[in-house]
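Right, one structure below, let's go through it.
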Amino acid sequence: MTIFDITLFGIHIAPSYYWLMYAIGFLVWYYYILKKNIISKDQLESLFLYVIFWVIIGGRLGYILFYDLSFYLNDISNIIKVWQWGMSFHGWALGLITWVLLFCKVHKVNFYKIIDEIVFILPVWIFLWRIWNYLNKELLWFPYEWFLAVEKNGWSYFPSPLLEAFLEWIILFVIFYFLYKKRTFYWQIWVAFLIGYGFFRTIVEFFFRLPDPQIWYIAWFFTMGSILSIPMIILWIILYFLLKQKNKIWI
Numbered sequence: 494m495t496i497f498d499i500t501l502f503g504i505h506i507a508p509s510y511y512w513l514m515y516a517i518g519f520l521v522w523y524y525y526i527l528k529k530n531i532i533s534k535d536q537l538e539s540l541f542l543y544v545i546f547w548v549i550i551g552g553r554l555g556y557i558l559f560y561d562l563s564f565y566l567n568d569i570s571n572i573i574k575v576w577q578w579g580m581s582f583h584g585w586a587l588g589l590i591t592w593v594l595l596f597c598k599v600h601k602v603n604f605y606k607i608i609d610e611i612v613f614i615l616p617v618w619i620f621l622w623r624i625w626n627y628l629n630k631e632l633l634w635f636p637y638e639w640f641l642a643v644e645k646n647g648w649s650y651f652p653s654p655l656l657e658a659f660l661e662w663i664i665l666f667v668i669f670y671f672l673y674k675k676r677t678f679y680w681q682i683w684v685a686f687l688i689g690y691g692f693f694r695t696i697v698e699f700f701f702r703l704p705d706p707q708i709w710y711i712a713w714f715f716t717m718g719s720i721l722s723i724p725m726i727i728l729w730i731i732l733y734f735l736l737k738q739k740n741k742i743w744i
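According to my numbering, the residues represented by the sequence shown are 494 to 744, in order.
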C-alpha cells in the first residue's frame, strides 16, 4: 500500500507505508540509544548500520525459508524485491542477535548490557509494523462489522493486526517498564521480550488470525508463526534460568 503515487520528470515515486514504518522504527531506536549514552556516537553509527542491514537481511531470509521457499526457488530474482513485502520477525530477530554479538566483539562492548537497551524500544517498532499490516488489510480473521473493522473484497473482517499491536506494544512495553527498574541481571529484557512476543504471537495465531494463505495450517491449529514461536518461548525460559546463575552478568 503506497502513501502516494506520482511521476516527476519521468521518475516514478511511490513510497509505501511498509518502508515508512521501518524508517520511523529505525529512527526512534537510534535516538533512544543515543539518549541513553551507553556507547560512543561513532560506535552507535556503526551499530545502526549493522542493525539496519541485518534486520532487513535476516527478516527477508527468514520469510523466504519459513513462509514461501518454493515461490522464491521458482524465480530467485524475487529474493531481492524487498519492496514487494515478505519479512519474518523470527528471521530478523536471529539476524539482529547474531550481528549485535559480532558488533560487541569487534568494538569490545558488553553484549549483555547493550542488548537490553536495543530491545527495550522494539515494542514500538512492532507496533508500527502491525499498523502497516492493518493499513494493508492483511493478517485478518473472521467476519466482523463493528469498531475498526477492515473492509476487503466486499467483506468486513476483525482487525487482528490491531490486537497484535496492542499486545506486542502496550502490554509488552508496560512489562518492560516495570521489569527494567527491577531487573537483577543484564539481558533480562531481551529474554522477556522473546518470551512475551512468542506468547502473544501464538495466542493471536491460534484464536484471532488466519494463517498465511500460501502455507495455511501446518498441523491442526498450528501455523508457521506459532511453530516458530513455541520453541522460542521454551528455549528462552530455559535460558532465563541459566543466565540468572551467571553472577558475571548480574547488575
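C-beta atoms are modelled at their ideal positions from N, C-alpha and C, and glycine is treated no differently. None of these values were measured; they are calculated from a predicted model.
Item: In terms of DSSP beta bridges, what is VAL643 paired with?; Value: TYR650
Item: Quick check on THR716: buried or exposed, where buried means 16 or more other Cβ atoms within 10 Å of its Cβ?; Value: buried
Item: How would you label GLN681, buried or exposed, when you count the other beta carbons within 10 angstroms and need 16 or more for buried?; Value: buried
Item: Please list the terminal residues of the continuous alpha helix (DSSP H) segment that includes ALA586.; Value: 582 to 600
Item: Would you give the residue range spanned by the alpha helix (DSSP H) that TYR637 belongs to?; Value: Taken as a continuous stretch (DSSP letters only), TYR637 belongs to no alpha helix (DSSP H), as it is neither H nor E.
Item: In its own chain, which residues sit with a C-beta less than 7 Å from the C-beta of TRP662, not counting the 5 before and 5 after it?; Value: PRO616, VAL617, ILE619 and PHE620
Item: Where does GLY701 fall in DSSP's three states?; Value: Position check: residue 701 holds Phe in this sequence, whereas Gly was assumed. Note: PHE701 maps to coil in three-state DSSP.
Item: Alpha carbon to alpha carbon, how far is MET725 from ILE517?; Value: 27 Å
Item: Who are PHE715's beta bridge partners in DSSP?; Value: ALA712
Item: Specify the secondary structure class of ASN571 as computed by DSSP and reduced to three states.; Value: helix
Item: Smallest Cα separation from GLU610: which of SER722, TYR679 and TRP713?; Value: TYR679
Item: Would you call the CB atoms of ILE727 and THR695 closer than 8 Å?; Value: no
Item: Quick check on DSSP: helix, strand or coil for LYS630?; Value: coil
Item: Taking only the alpha-carbon atoms, compute the straight-line gap between PHE686 and PHE546 and give it to the nearest angstrom.; Value: 21 Å
Item: Quick check on this structure: which residue in VAL697, PHE669 and ASP568 has the alpha carbon closest to the alpha carbon of VAL684?; Value: PHE669
Item: With a cut-off of 8 Å on the beta carbons, I'd call GLY555 and LEU589 a contact; round off their distance for me.; Value: About 11 Å; that fails the 8 Å criterion.
Item: How many Å lie between ARG702 and LEU632 at the Cα?; Value: 6 Å
Item: Alpha carbon to alpha carbon, how far is LEU732 from LYS674?; Value: 21 Å
Item: Can you tell which of TRP713, ILE607, ASP561 and TYR565 has its C-alpha closest to the C-alpha of ASN530?; Value: ILE607
Item: Taking DSSP as the reference, what is the three-state secondary structure of PRO724?; Value: helix
Item: Going by C-alpha distance, which of PHE582, VAL612, SER581 and MET580 is nearest VAL593?; Value: VAL612
Item: Let me know if VAL667 comes out buried or exposed under the rule of 16 or more other beta-carbons within 10 Å of its beta-carbon.; Value: exposed
Item: Could you say which of SER719, GLN707, TRP625 and ASP705 lies nearest to GLY689 if we only look at CA atoms?; Value: SER719
Item: In angstroms, rounded to a whole number, what distance separates the CA positions of GLY647 and VAL548?; Value: 35 Å
Item: So the candidates are GLU657, ASN603, VAL599 and LEU587; which of them puts its Cα closest to the Cα of TYR627?; Value: GLU657
Item: Going by the beta-carbon positions, is the gap between TRP634 and PHE651 smaller than 8 Å?; Value: yes
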